[in-house]
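Peer 1: Starting off with a structure, shown below.
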Amino acid sequence: MFGSEFLERAERIIGILADSFPKLLRYGVTVTVPMTALSFTLALVIAVAVALVQYANVRGARQLCRFYIWFTRGTPLLVQLYLIFYGLPSLGIRLEAFPAAVIAIGLNEGAYMAESVRGSLESVPKGQLEAGYCVGMNYVQIMWHVVLPQAFRIAFPSLGNSLIGMLKETSLAATITIVEMFREAQIINGRVYESLWLYLEVAVIYLMFCTILSVVQRRMEKRLGTYGGVK
Amino acid sequence: MIEARNVRKSFDGTEILKGVDISVDKGDVVAVLGPSGSGKTTLLRCLNFLERADAGTLTFDGTEYDLPTAKKSEIAAVRRKTAFVFQNYNLFLNKTVLENVTLGLTVARKMPKDEAVERAKAALERVGLGDKLSAYPFTLSGGQQQRAAIARGLAQNPEIIYFDEPTSALDPELIGEVLSVMRDLAAEGMTMIVVTHEMEFARSVSKKVVFMQNGVVVESGPSKEFFENPREERSRRFVNFILSER
Ligand SMILES: Nc1ncnc2c1ncn2[C@@H]1O[C@H](COP(=O)(O)OP(=O)(O)OP(=O)(O)O)[C@@H](O)[C@H]1O
Ligand SMILES: [Mg+2]
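Chains as they are written, first to last, in the numbering used here: chain X, -8 to 222; chain L, 239 to 484.
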């Protein structure tokens, strides 16, 4: 059953996998991971700002934030990527592919994260704000020392999930000329025609990254504690 | 020491406070009594600007403040001299007991940490929580949480403490420990306004009673008189009702 033909084929596939693995991993570490980190940072900044504007009920800005969330959540990331990379140049805004991807992914996930940060802020019992005022603190001081830390603790698991989601979404950057981990797998496959094995391989590498992230997430969650409360 | 005049407040077109007067002398314990919804909480909140009154003045140590228009700096000045104890404690849930007490001192008053800790420990000692400094609110009983909240107020060195039904959220067996702390404070000469349904406490500790109904003060005067010989028919009915309930 295991004829020499089979062995030859197995040898070829193993050779291809062994050859491509370090290449894919390198693209993962040098493109996918930094793109994820930058997009997540951008998304987090946007999310906290947008959530705070709504929590503090800043008029005008609040409407703008609702519009942003409505638009972003109602359109596909792929369309947003194309709009930013291929669409904006006709308005005279030309972005390199990498920053365009970071902006698109950050803006996209920022909208989802904003909703979860806002929910977390609102679940912090309001009486603490009043108690803060009564001991002389102002709004910013109370938010910084009391409300935000509690909201962060509540939002943490969902933010972690967003980070993991973003790592996978960076593969869409392949569609706007960026060579990242997935695009590199496509390119190698163009030479060797082993779709099943190459895409399985790249899937395994994504899985590795995501597993590491979720282990780290769980560890950090434990270390953050719950201020003596049960979750 | 403090005197509020003609305090008015409406919510959604309904007048909740219809021109309330209240005055408290230094060292007095004033009990604010009245049926549910009469505006007791709203009155306390207006006195501390947690709620903006629609009209009224507050004279505090000879300085007069216009309640509806008081500026930020004036509000800060009033709050520096007052402490507020809430029905639901409202402790900072991400802070330990000690941090709950020091936070306002270090952050708002820019007090050096050592000094704040010292003062906080003394306040917590006073309410019997000297051994719970590093506990989080979640791990405490309601009575302990409320005593921590009182310590937080005490550490502000207030001239007056407002209590809004400090024992209403507590299991019956925990009420005593909080009332006893308040009794001690009264005995030490602390000025307090206490909104309460604890008639025994009002009767034995407070010097003066303010009885409210439907947003007006029906009767106010020495508590002995109020309980033994109320002037107003409505007060009499309230006292009889309360006494018959027990
Ligand atoms: N923020 C608010 N918005 C709308 N209505 C309010 C608000 N706060 C209080 N009220 C209303 O004002 C009325 C008086 O409330 P308040 O809490 O001052 O009464 P209370 O005398 O403290 O009653 P209780 O003994 O039940 O605590 C109630 O009918 C309440 O529904
Ligand atoms: Mg009340």
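Every residue, glycine too, gets a C-beta built ideally from N, C-alpha and C.
1. Assuming M172(X) contacts V44(X) (C-beta within less than 8 Å), just tell me the rounded distance between them.
2. Could you give the distance in angstroms between the alpha-carbon of M531(L) and the alpha-carbon of L423(L)?
3. With distances taken from CA atoms, which of A308(L), T301(L), F479(L) is nearest A293(L)?
4. Report all residues from its chain with a CB closer than 7 Å to the CB of K222(X); omit the five preceding and five following residues, and keep chain order.
5. Is I260(L) near ligand 1, judged by its Cβ being under 7 Å from some heavy atom?
6. Examine ligand 1 and report whether any of its heavy atoms sits within less than 7 Å of the Cβ of I431(L).
7. Given L362(L), which residues of its chain have a CB within under 8 Å of its CB, disregarding the five upstream and five downstream residues?
8. Scan the stretch 299 to 324 of chain L for residues whose Cβ lies nearer than 8 Å to a Cβ of chain X and list them as they occur along the chain.
9. Tell me where the alpha helix (DSSP H) around Q382(L) begins and ends.
10. May I ask you to check if the CB of D402(L) is nearer than 7 Å to at least one heavy atom of ligand 2?
11. In the DSSP assignment, what are the bridge partners of G459(L)?
12. Using a beta-carbon distance cut-off of less than 8 Å, what residues from the stretch 361 to 387 of chain L approach chain X?
13. Evaluate contact between the stretch 32 to 49 of chain X and the stretch 100 to 113 of chain X, counting only Cβ atoms and requiring at least three cross-stretch pairs below 8 Å.
14. Between the Cα of G220(X) and those of E397(L), V477(L), S379(L), F401(L), spot the shortest distance and give me the residue it belongs to.
15. Residues in its own chain within less than 7 Å of F147(X) by CB, not counting five upstream and five downstream?
16. Interface residues of chain X around P354(L) at Cβ under 7 Å?
17. Cα separation between R174(X) and N129(X)?
18. Between R283(L), G453(L), Q325(L), I413(L), which has its C-alpha nearest L305(L)'s C-alpha?
19. Taking 8 Å as the CB-CB limit, is K222(X) close to chain L?
20. Reducing DSSP to helix, strand and coil, say where N244(L) ends up.
21. Where does the unbroken beta strand (DSSP E) through L255(L) begin, and where does it stop?
22. Buried or exposed for K348(L), please, with buried defined as at least 16 other CB atoms from any protein chain shown within 10 angstroms of its CB.
23. Which residues have a Cβ closer than 5 Å to any heavy atom of ligand 1, listed in chain order?
24. Mapping DSSP to helix, strand and coil, what is V183(X)?
25. Going along chain X in order, which residues have a C-beta closer than 9 Å to the C-beta of V477(L)?
Peer 2: Judging by the given coordinates:
1. Taking the Cβ atoms as the reference, M172(X) lies roughly 35 Å from V44(X), outside the contact range of under 8 Å.
2. Only positions 239 to 484 of chain L appear in this structure, which leaves residue 531(L) out of reach.
3. Closest by alpha carbon: A308(L).
4. Unreliable placement is indicated for K222(X), whose pLDDT of 48 sits below 50; the coordinate value is still reported in the next sentence. So no residue of the chain qualifies.
5. Annotation for I260(L) indicates a beta carbon at 7 Å or more from all heavy atoms of ligand 1.
6. I431(L) Cβ: outside cutoff for every heavy atom of ligand 1.
7. The beta carbon of L362(L) lies closer than 8 Å to those of V335, L336, V339, G368, K370, L371, A386, A389 in the same chain, with the five residues before and after it left out.
8. Legend: CB atoms of the stretch 299 to 324 of chain L lying less than 8 Å from CB atoms of chain X belong to residues A314, R317, R318, T320, A321, F322, F324.
9. Per DSSP, the unbroken alpha helix (DSSP H) holding Q382(L) starts and ends at 380 to 392.
10. Checking every heavy atom of ligand 2 against the Cβ of D402(L), one is found closer than 7 Å.
11. Paired residues: V447(L).
12. Against chain X - using a Cβ distance shorter than 8 Å - the residues of the stretch 361 to 387 of chain L are A373, Y374, P375, F376, T377, A387.
13. Yes, since at least three Cβ pairs between the stretch 32 to 49 of chain X and the stretch 100 to 113 of chain X fall closer than 8 Å, the two stretches touch.
14. In terms of Cα proximity to G220(X), the closest of E397(L), V477(L), S379(L), F401(L) is S379(L).
15. The answer, listed in chain order, is E212, L215.
16. Checking the sequence, you will find Ala at residue 354(L) rather than Pro. Within chain X, no C-beta atom comes less than 7 Å from the C-beta of A354(L); the nearest is roughly 11 Å away.
17. Those two C-alpha atoms are separated by around 51 Å.
18. A check of alpha carbon separations from L305(L) across R283(L), G453(L), Q325(L), I413(L) identifies R283(L) as the nearest.
19. Note that K222(X) scores a pLDDT of 48, beneath 50, so its modelled location is shaky; the value from the coordinates is reported in the next line. By this cut-off, K222(X) is not an interface position.
20. Reduced to three states, the DSSP call for N244(L) is strand.
21. Where L255(L) is concerned, the enclosing beta strand (DSSP E) stretches over 252 to 262.
22. Burial call: exposed.
23. After applying the 5 Å Cβ criterion, the set is F249(L), I254(L), S274(L), G275(L), S276(L), G277(L), K278(L), T279(L), T280(L).
24. The answer is helix: DSSP assigns V183(X) an H, G or I state.
25. Here the premise fails: no neighbours, minimum Cβ distance about 32 Å.
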